[in-house]
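Take a look at the structure set out below.
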Amino acid sequence: MTDYRKVLVTGADGFIGSHLTEALVRRGYEVRAFTLYNSFNSWGWLDSCAEDVQGHFEVFSGDVRDPHGVSEAMRGCDAVLHLAALIAIPYSYHSPDTYVDTNIKGTLNILQAARQHGIRKVVHTSTSEVYGTALYVPIDEKHPLQGQSPYSASKIGADQMALSFYRSFGLPVGVIRPFNTYGPRQSARAVIPTIITQLAAGSERLKLGSLHPTRDFNYVEDTVNGFIAFLNSDQSAGKEINIGSNYEVSIGDTVRLIQDIMRTNAELITDDQRLRPALSEVERLWADNRKAAELIGWKPAFAGVEGLKRGLTETIDWFLNPENRGRYKDQIYNI
Numbered sequence: 037m038t039d040y041r042k043v044l045v046t047g048a049d050g051f052i053g054s055h056l057t058e059a060l061v062r063r064g065y066e067v068r069a070f071t072l073y074n075s076f077n078s079w080g081w082l083d084s085c086a087e088d089v090q091g092h093f094e095v096f097s098g099d100v101r102d103p104h105g106v107s108e109a110m111r112g113c114d115a116v117l118h119l120a121a122l123i124a125i126p127y128s129y130h131s132p133d134t135y136v137d138t139n140i141k142g143t144l145n146i147l148q149a150a151r152q153h154g155i156r157k158v159v160h161t162s163t164s165e166v167y168g169t170a171l172y173v174p175i176d177e178k179h180p181l182q183g184q185s186p187y188s189a190s191k192i193g194a195d196q197m198a199l200s201f202y203r204s205f206g207l208p209v210g211v212i213r214p215f216n217t218y219g220p221r222q223s224a225r226a227v228i229p230t231i232i233t234q235l236a237a238g239s240e241r242l243k244l245g246s247l248h249p250t251r252d253f254n255y256v257e258d259t260v261n262g263f264i265a266f267l268n269s270d271q272s273a274g275k276e277i278n279i280g281s282n283y284e285v286s287i288g289d290t291v292r293l294i295q296d297i298m299r300t301n302a303e304l305i306t307d308d309q310r311l312r313p314a315l316s317e318v319e320r321l322w323a324d325n326r327k328a329a330e331l332i333g334w335k336p337a338f339a340g341v342e343g344l345k346r347g348l349t350e351t352i353d354w355f356l357n358p359e360n361r362g363r364y365k366d367q368i369y370n371i
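Numbered by the working numbering, the letters in the sequence shown go through residues 37 to 371 in order.
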């Protein structure tokens, strides 16, 4: 552990952010969890975080689109892990303005506040979607960026804003780029929870979008370890670094792996509303993760087909808990 005493995690109420908050607390960090303000006083997934973590982190409810709240949340912190973002691709088709406001302007607010408060490390979260369909594989950090959805375009803008603050002002910010993270607590808008929740509900017809695109699935524990390694590296500022398993698998093959684990054999049905526009679909993702190994000492523990099977088994076990699955609406399409 470095001498970063107090860490701000934005998006701490979300899927990856809640797991990261738990991991940081367990490693002895003082964590301020930035959650999205709402009238229900909900902290998202942190409402049901692990018992050993409960009561051991501070919560700041706000909105990254507000620069004053962001600045106040950052006061007294040494480092920032910036995960807050809108990430659903279908929703970005009809509400792109909100993606610009949250992902680009929200990131700008983080960067400005970090300069103001003399933050010693900012970890900005990117996504493999910024690469678009692979022009070559595996995809390294020199691969061209292609905005194939308003979501990915907004993340390209946010990434470049972060790197510009490194180059213009010497802000110690770097860009971490996770590929297709999955695991407990993931939103049902993602393909793996979509498959699991339908099968767990006993559906005989599994409604999905395209089955041929490939992805590089990264178990959430690996992604979280990547964030912490990135934070603690003295070589990550000003860098873009992939966090991926370096294993390519199609959606169709992923379905078959999940069905084998769950011992089901539902009929696969193409649901047109789940299909992306043809030019927007990212057909192929496969991460080159050598830079992560070289610069921050990170390697996936859930690598290859056997690692994917282990991660899927842990994910399925979590979703099969009725209390967890009860939080999802498996009967409707979640955009």
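Glycine is no exception: its CB is placed at the ideal position from the N, C-alpha and C atoms.
Collapsing the DSSP output to three states places N301 in coil. Your pair A224 and T230 checks out as a contact, with CB atoms roughly 6 Å apart and the cut at 8 Å. In this structure, the CA atom of L244 is about 45 Å from the CA atom of S204. For I279, the enclosing beta strand (DSSP E) stretches over residues E276 to I279. Three or more beta-carbon pairs separated by less than 8 Å link the stretch 162-180 to the stretch 190-206, which places the two stretches in contact.
The beta carbon of A339 sits closer than 7 Å to the beta carbons of S281, N282 and Y283 from its chain, once the five residues preceding and following it are set aside; these are given in chain order. Per DSSP, reduced to three states, the secondary structure at K157 is strand.
Between V158 and H104, the C-beta spacing is not below 8 Å. In this model, A121 and E317 are separated by some 20 Å (Cα to Cα). By the 16-neighbour rule on beta-carbons within 10 angstroms, E58 is buried. The C-alpha of A109 lies about 8 Å from the C-alpha of R68. Between the stretch 204-220 and the stretch 251-258 there are three or more inter-stretch CB-CB distances shorter than 8 Å, so the stretches are counted as touching.
Nearest Cα to R251 within the set V89, C85 and L344: L344. Counting C-beta atoms within 10 angstroms of its own C-beta, F76 has fewer than 16 neighbours from the protein chains shown and is therefore classed as exposed. Taken through DSSP and simplified to helix, strand or coil, V89 comes out as coil. Taking the Cα of G98 as reference, the smallest distance to any Cα among P126, S84, Y172 and I146 is reached at I146. Judged by DSSP in its simplified three-state form, K335 adopts coil rather than helix or strand. Counting the other Cβ atoms within 10 Å of the Cβ of R111 gives fewer than 16, which makes it exposed. Residue pairing of H118 in beta bridges, as defined by DSSP: T46 and H160.
Per the coordinates, the alpha-carbon of P132 lies some 15 Å from the alpha-carbon of R101.
Under the DSSP definition of a beta bridge, L72 partners with G98. With respect to the 8 Å criterion, I140 and Y187 are not classified as neighbours on the basis of their beta carbons. Counting only residues of its own chain and dropping the five nearest sequence neighbours on each side, D366 has a CB closer than 8 Å to the CB of A224, T233, Q234, A236, A237 and S239.
For T143, the closest of L356, R156 and G210 by C-alpha to C-alpha distance is G210.
Residue range P186 to F205 is occupied by the alpha helix (DSSP H) that includes K191. Listed as beta-bridge partners of E66 by DSSP are K42. Considering only Q182, K178 and H160, the residue with the shortest C-alpha distance to T169 is Q182. Within its own chain, the residues whose Cβ lies closer than 6 Å to the Cβ of G47, once the five positions on either side in sequence are excluded, are G53, L119 and A120, listed in chain order. Exclusion of the five residues before and after W354 leaves P220 and N360 as the residues of its chain whose Cβ lies within less than 7 Å of its Cβ. Residue burial is scored here from C-beta neighbours: E330 has fewer than 16 other C-beta atoms within 10 angstroms and is therefore classed as exposed. Distance between A328 and I279, taken at the CA atoms: about 7 Å.
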